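Right, one structure below, let's go through it.
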Amino acid sequence: MGMDFSTLRTLISRYCVGEENWVDSRTIYIGQKEPPPGTEAFIQQRFPDNRIVSSKYTFWNFIPKNMFEQFRRVANFYFLIIFLVQLIIDTPTSPITSGLPLFFVITVTAIKQGYEDWLRHKADNSVNQCPVHVVQHGKVVRKQSRKLRVGDVVYVKENETFPCDLILLSTSRDDGTCYVTTASLDGESSHKTYYAVQDTKAYNTEKEVDSIHATIECEQPQPDLYKFVGRVNIYMENEPVARPLGSENLLLRGATLKNTEYIYAVAIYTGMETKMALNYQSKSQKRSAVEKSMNAYLVVYLCILISKALINTVLKYVWQADPNRDEPWYNDRTDSERQRHIVIRAFTDFLAFMVLFNYIIPVSMYVTVEMQKFLGSYFIMWDDEMFDEELGERAVVNTSDLNEELGQVEYVFTDKTGTLTENNMEFIECCVDGHVYVPHAICNGQVMHSSTGMDMIDTSPGPGAREHEELFFRALCLCHTVQVKEEETVDGIKHGIHQGKSTSFYISSSPDEVALVEGMKRLGFTYLRLKDSHMEILNREDEVERFELLEVLTFDSVRRRMSVIVRSSSGELYLFCKGADSSIFPRVISGKVDQVRARVEHNAVEGLRTLCVAYRPLSPEQYQEICHLLNGAKLALQDRDKRLAEAYDLIEKDLILLGATAVEDRLQEKAADTIESLHKAGMKVWVLTGDKMETAAATCYASKLFHRNTQILELTTKRTEEQSLHDVLFDLSRTVLRQHGGMVRDTFSGLSGDCTDYGLIIDGATLSAVLRPAQEDSNSGNYKEIFLEICRNCSAVLCCRMAPLQKAQIVKLIKASEEHPITLAVGDGANDVSMILEAHVGIGIMGKEGRQAARNSDYAIAKFKHLKKMLLVHGHYYYIRISELVQYFFYKNVCFIFPQFLYQFFCGFSQQPLYDTAYLTLYNISFTSLPILLYSLIEQHINMDILKKDPSLYRDIAKNSLLRWPIFIYWTILGVYDAIVMFFGAYFLFDNTTFTSNGQLMTTNTQMMFGNWTFGTLVFTVLVFTVTFKLALDTHYWTWINHFVIWGSLIFFVVFSLLWGGIIWPFLNYQRMYYVFMQMLSSGPAWLSIILLISASLLPDVVKKVICRALWPTTTERIQNADKLYKGQLSEFTPLASLHAPSKAGRHRRGSGNQRNAPNPRRSEPFKKKIMFTRWQRTPDYCTFTPLLRFADGSRHSKQGYAYCGAGPETSV
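Structure representation (structure tokens):
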């Protein structure tokens, strides 16, 4: 046998025992070639093809799988049971009455989901069938992407996307590097450098590449984009040479090749095993608060339904206990049915009553809600105010299920860099040994014409200092991963054009690095290029200096620094290191630390991003030791990252401090105004960032998250080093609770109007300690609760130095707190995805860090400022609309079914339907569905300009206020009242009024013409008109479409009834409605009774609205009244604050800041304040206005002005 036992054992363990025992590594044969004989046994492992599958269904499993998923919904399953009951037992209504609406709902949903999945299939096919170039037998051949196999050598040209995960073998560049953008993967649009395997980078033709004999050993696929450990064994004269492989050699599927003519690379992970596919996070189904309320109401109505059926069943047998009463003759019960056991008969009757009353559960509500959400989402996408001209992007809705949740947000968690700020870095200054240097104007990627000289703030360094200064400039020119683009265009955009000449343009994975290299260029040191492992810089004397680049110790978020080891042309060895102050200062042994530290802290307070620069001269012996240390760590297959981190830690020590830099990241346009508006709307805004505390705090002040009178509470590592975490937490808790102890805290905004503003700052390390599970021998179990209590009493919270996972933990912590608030997360980078997926509503910013956040979010917007309109206008409208839709559906179904319940008392509980089958079927589908659908799409109870101008209106709908139990009970009682009026009104009018068709009294015989179908039709006619008029009374925003749909629905009902009863339909076995409707309408008293009953049904609701609006108007109602007076132009009149119910003492204590904590207006509060509307004067005086109108009482104003202490106009930052 040519195979030893160990190999056999390996095979058995792989293919029989299961994957979990061999997930450690895989062996890949480059070009599908077997290794030379005698090296090792050739075992071809089986790998998946390169097919990507993101679809949910196939052609064969669509129907069963979709049906299973749909019938998992309680409402659908319930209606299926009802439908089956109607088929099996003799029920009073036709199975069509339940089956048709259910079939309609199931079909519409299946078509929607099938269409969405077809689009996914289409997208998959376009990816799987796109052509790729593969090297086979020394030639480049074209293949479909799905046919690519592990081990194939792929040829990729500039601007092409990598078809799978590849190891770079060689490139068109002599130094074996290539440049890649990974925007579709991690959200970073900047260029990254990747390196070819050292021994294969010289193979530049198809034949040379095809001649490579090598195997790759690497780990099994895993989703971490930044981690890869492998080893390539290159067979030269049968002797394998091992080289380490890391993430710098791995090109990921979905990334794009840039500024490199072509590359050759070998496929190592394909299809669903690529890192991109493993990062497809199946989004957990997010459910809105409205949907939860709907389900709760459904349970209540199910209980009502069962109660009705039970009462009727019991009363039926009580009724039939009298020997003179029996089953009615028209039920056609056979003798065998009459002789059944009483329990079986009672159960059958119970089911029959359930079927009769089942319309109280509105199946069509679900399909209407689905359509409302789907169609309503287009209003966000069509909004021109949320269109960004710079990016050419509109807002995107990825999940329409959460539209109304935008109107319920209580906590907003936002990233800082790229979300609040522009992520456009500008070099401001550098400090060398305490001397500060400031160039005129450096803008990332653009050279200003006026910046040819230098402006030195302090130009008094001595000769020694001059040497240090130049070393600092050289360090910044060498310690980076910036690439130089010589051409005029990069990705089709002209850059670097200066005074008509083409100059170099810098591109990098970090915008900070580009800003620093550009800054050095303005200060006299220009980085030219990296060529043949040599970095070239142009000094102040226009001399080119060459440094050999020996090692790059790459940046990572744990170390927060990067280093390079270079050799100068004179042979001196240097280690240059740059990084965050917290990671550099502890490693420094000399230099002017105090002066530099003072400048760093000063710049951080100003909101600038700071970096420190240090160096260390190396002897040849030290360098050899470093090489040995790094090579050992790089070749390790196990724990490579840990070993590299330990090696870097040993190398980056004993540094000499050179200086520090400051780079500014500007605030986004209107970011401060947006945050202020969110605060006024009662939302708490938390900033979660990876930046240092001082920089983040400065941004928070600039963006008005913190105000100058905000008392800052610190929960940071610095403070917990001085005293224990336990003591710090209890100190902070006492501070906030002492202030708020005697106050009544507002349940929504968290603070009463009289409280001091508190702002909390916490860092990642302290947060880990707070969230750490309690140890048995410690008393740290309640840290989480204390922390939450402190946060609740703070108006704003800043979390700095946060890892991506910690962002998600914070969101989860707040979501799980006892109030269960609705959370929203907004971010622009891949590091924000976990937070976006965790929050109730996730919003991605289409920023400079790519589209990872935007793709994983529920909604995507171009700029942070668009969040204001999305929440305050769209969110407000969506919530108002859908809450009315839900309540109205339950109301109209109570009106519909309660007369049926009452009718049983007058027909011997015989299960006789009150309405005709056609009416039962079409009531929810046709007669009453379109008006409420249209209402839920276009209703605007308040003008959108007013909603934007007065954010505090958002508080009126907070905490799901329109779907609370008292309002639900009111709607239900109103439905029951209307049903009683319709039924008994029609009954008494029917009983006591002489119905006539020709002016003559009816005889006893002709009275029979007006039977139960006429009675039922009369009740149904009143019902359709009443519920439609009720909706018309609730509509504030009338357009021609409203008029067309509302009055069109009523006309359709009348026309349908005339046709249904006026024609003998050949497909009906019997036609009980023949001529009923026309005969009813030919009677004058019938017309009178219809008008009377509609008026009597609507009267209480109208009276209640009039009284409440007159005596206890809400803020919304005041604004509606005022807007009518000004014919829709109220938004031009200010201040709107005068329309709010007055709060208690301290209303005007702090100008606009007080509105943040003002309690919600309540109906019970008397309206004491004078009401006035004022128009801006031509030269606006933001404190004094001329009153125009007063309507709170009848007296006239005096002619003096009124002071207004609300928010002023927008201020740009």
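Numbering (the numbering used here), first residue to last: 5 to 1217.
All residues carry an ideal CB built from backbone N, CA and C; glycine is no exception.
On a predicted model such as this, the values are computed, not experimentally measured, just so you know.
Classification of residue i by the beta-carbon crowding that lies within 10 angstroms, buried from 16 upward
i	result
F1029	buried
Q133	exposed
Y510	buried
V347	exposed
F1048	exposed
Q810	buried
H632	exposed
F910	exposed
Residue i to residue j span [Cα, whole Å]
i	j	result
G411	S940	14 Å
D326	K296	47 Å
V371	L871	29 Å
P1089	G1052	25 Å
I220	G768	39 Å
T693	K116	39 Å
E265	L938	56 Å
V270	L172	7 Å
S933	V890	12 Å
S956	A676	17 Å
V282	D832	It should be noted that the sequence gives Leu, not Val, for residue 282. Their backbone Cα atoms lie some 21 Å apart in a straight line.
K867	C704	18 Å
Q2	W975	No answer is possible for residue 2: it lies beyond the span of the chain, which begins at 5 and ends at 1217.
E38	L648	33 Å
I984	L736	60 Å
N237	S174	16 Å
For residue i, the three-state DSSP class (helix, strand or coil)
i	result
A259	coil
M874	helix
F905	helix
N428	strand
L229	coil
A271	strand
T703	helix
T925	helix
C435	strand
H844	coil
N132	helix
T678	helix
P777	coil
A829	strand
H824	coil
Y1041	coil
Inter-residue CB distance, residue i and residue j (contact presumed, cutoff 8 Å)
i	j	result
L662	H472	6 Å
V160	K420	About 36 Å; that fails the 8 Å criterion.
I961	H880	6 Å
L802	K788	With a Cβ gap of about 19 Å, L802 and K788 do not count as contacting.
Residues of its chain near residue i, where Cβ-Cβ distance is below 7 Å and the 5 sequence neighbours each way are ignored
i	result
N897	Y363, I364 and P366
P99	F87, Q90 and L91
V494	Unreliable positioning characterises V494 in this predicted model, as indicated by a pLDDT of 43, which lies under 50. The coordinate reading is nonetheless provided below. Answer for V494: F509 and I511, listed in chain order.
M280	L189, L256, R257 and G258
A700	K420, V691, T693, L802 and C804
Beta-carbon contacts of residue i that lie in its chain and below 6 Å, excluding the five residues immediately before and after
i	result
R55	N132, R150 and G275
L615	K582 and T665
G396	none
L967	S297 and S887
Beta-carbon proximity list for residue i, same chain, < 8 Å, skipping 5 on both sides
i	result
V486	Y510, I511, S512, E517, V518, V521 and Y531
G979	F894, Y895, K896, N897, V898, C899 and F902
Heavy atom of the ligand MG within 7 Å of residue i beta-carbon
i	result
I946	Among the ligands in the structure shown, none appear at all, so the ligand MG cannot be discussed.
Interface flag, residue i vs chain D, CB-CB below 8 Å
i	result
S737	In summary, chain D is missing from the structure at hand, where a single protein chain is found.
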